[in-house]
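Encoded as structure tokens, the structure appears first; notes follow it.
Residue numbers (the working numbering): 3 to 384.
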């Protein structure tokens, strides 16, 4: 049977390495002549110490280790290879001239061998076995390069999206400012004012989408951080509700909150959380008001609960806070609102959850370390 080591086609120009360790020089020469072809390089070591030096410099597809060597035998070398991160995954084939001994073979497999061959070894056997590991190494390298290329492409795409969404804010702001000025300067004609109102509403909706894309890019690129300071949660809540009503002019929103309620949080991120939760409830809720309740307790807990009539599909609940979980719809946004809210709540050390209860949907943000209770504050436990 005439078998030769197949020529690999590595993704890069670097050859694929095979390590052969044997203290007999003639054996090294023979193995090199047998295994080395175009695209494959045979690294020869006459001792375990030389082999370890080569492994520090080169990646190898497979290592062929002679068992009986002076100073450091093949088993000891294999144990040292398994203890190093760089060579831990290298497949090892033991070669031995000793008689077939089950105990010795078991020791070889225990040391991490994938095979145990007895000399004299037929050339087609060693070629076929070595060829398998060369091809596996080539496939791993190709997958690694593709993964790295995909990661670079994703990072480039996210960076471009971040730059694009950031640059879109300037013309959007100019468009909204012009719409506001036209509404004041043009005649109070109902059709004209209705058109301007639709233009302004659409502009604010687009601005929200741009902000969500920008926040998504910051989260994905690890470029967002919170800047907490002492604020009045009630004022933040009112400001967020006003912004939601600017886009959803007919929204019916009710809220209960202690006044004032000092917390230590990032006002911009907390505002974003409230806007996204309330906006989601306004869009997806059935007839009836969206209710917002802020609950506190003497354990320094704060619970922000947003409720609306409706029902979330049970299949959607486990992945409700994933990005782009639903198809894009111009009136409903990009499917990023709850993902961003969840990330911002987590950044404040809280948790966000969603439940169905008697025909209502409850989105609940729980925070444990936003505030210290006052002595005069009456406990209100959620």
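For each residue, glycine too, the CB sits at the ideal point set by N, CA and C.
Do you know offhand how far residue i's Cα is from residue j's?
i: residue 4; j: residue 137; result: Low confidence applies to residue 4: its pLDDT is 48, below 50, so where it sits in the model is not reliable, and the reading given next is rough at best. The straight-line gap from Cα to Cα measures roughly 19 Å.
i: residue 83; j: residue 148; result: 27 Å
i: residue 43; j: residue 75; result: 24 Å
i: residue 249; j: residue 203; result: 5 Å
i: residue 244; j: residue 88; result: 58 Å
i: residue 282; j: residue 288; result: 12 Å
i: residue 309; j: residue 86; result: 55 Å
i: residue 226; j: residue 170; result: 19 Å
i: residue 340; j: residue 247; result: 18 Å
i: residue 32; j: residue 24; result: 11 Å
i: residue 330; j: residue 266; result: Caution is warranted here: a pLDDT of 38 is assigned to residue 330, below 50, making its placement in the model unreliable, and no coordinate value can be reported.
i: residue 150; j: residue 140; result: 15 Å
i: residue 174; j: residue 201; result: 11 Å
i: residue 366; j: residue 205; result: 29 Å
i: residue 363; j: residue 292; result: 10 Å
i: residue 93; j: residue 99; result: 20 Å
i: residue 190; j: residue 198; result: 11 Å
i: residue 34; j: residue 95; result: 16 Å
i: residue 157; j: residue 219; result: 10 Å
i: residue 333; j: residue 342; result: Confidence at residue 333 is low in this model, with a pLDDT of 43, below 50, so the placement of that residue should be treated as unreliable; the coordinate-derived value is given next. Computed Cα separation, rounded: 18 Å.
i: residue 188; j: residue 172; result: 24 Å
i: residue 278; j: residue 344; result: 10 Å
i: residue 119; j: residue 134; result: 16 Å
i: residue 350; j: residue 306; result: 13 Å
i: residue 348; j: residue 313; result: 25 Å
i: residue 130; j: residue 73; result: 31 Å
i: residue 90; j: residue 53; result: 14 Å
i: residue 153; j: residue 359; result: 41 Å
i: residue 229; j: residue 338; result: 22 Å
i: residue 127; j: residue 121; result: 11 Å
i: residue 183; j: residue 193; result: 17 Å
i: residue 284; j: residue 361; result: 15 Å
i: residue 28; j: residue 71; result: 14 Å
i: residue 142; j: residue 316; result: 39 Å
i: residue 372; j: residue 257; result: 20 Å
i: residue 177; j: residue 286; result: 28 Å
i: residue 26; j: residue 81; result: 22 Å
Report the CB separation of residue i from residue j in whole angstroms; it is logged as a contact under 8 Å.
i: residue 50; j: residue 78; result: 7 Å
i: residue 97; j: residue 116; result: At roughly 13 Å, the Cβ-Cβ gap does not stay under 8 Å, so residue 97 and residue 116 are not in contact.
i: residue 57; j: residue 132; result: Going by Cβ atoms, the distance from residue 57 to residue 132 rounds to 17 Å, so no, they are not a contact pair.
i: residue 233; j: residue 269; result: 5 Å
i: residue 271; j: residue 346; result: 4 Å
i: residue 48; j: residue 30; result: 7 Å
i: residue 280; j: residue 255; result: 7 Å
i: residue 261; j: residue 290; result: That belief does not hold up - the Cβ atoms of residue 261 and residue 290 are roughly 25 Å apart, past 8 Å.
i: residue 195; j: residue 185; result: 7 Å
i: residue 235; j: residue 216; result: About 24 Å; that fails the 8 Å criterion.
Checking the sheet assignment: what are the DSSP bridge partners for residue i?
i: residue 323; result: Residue 323 is not bridged to any residue.
i: residue 99; result: DSSP lists no partner for residue 99.
i: residue 310; result: 363
i: residue 369; result: 304
i: residue 357; result: 364
i: residue 94; result: 65 and 115
i: residue 23; result: 47 and 67
i: residue 342; result: For residue 342, which the question treats as bridged, DSSP gives no partner whatsoever.
Query raised in the report: In chain order, which alpha helix (DSSP H) runs of at least 4 residues are fully inside the segment 221-299?
Result: 235-249 and 269-286
Query raised in the report: Are the segment 235-251 and the segment 289-296 in contact at 8 Å, needing three or more beta carbon pairs?
Result: yes
Report task. Inspect the CB distances between the segment 54-73 and the segment 14-23 and report whether three or more fall short of 8 Å. Result -> yes
Query raised in the report: Counting pairs of beta carbons, one from the segment 250-259 and one from the segment 210-218, are three or more of them closer than 8 Å?
Result: no
**Report entry** alpha helix (DSSP H) runs wholly inside the segment 116-201, at least 4 long, in chain order
**Finding:** 125-187
Requested in this report: Enumerate, from N- to C-terminal direction, the unbroken alpha helix (DSSP H) stretches of 4 or more residues contained entirely within the segment 26-85.
Outcome: 27-37, 50-59 and 76-84
Query raised in the report: Taking contact to mean at least 3 C-beta pairs separated by less than 8 Å, is the segment 350-368 in contact with the segment 313-324?
Result: yes
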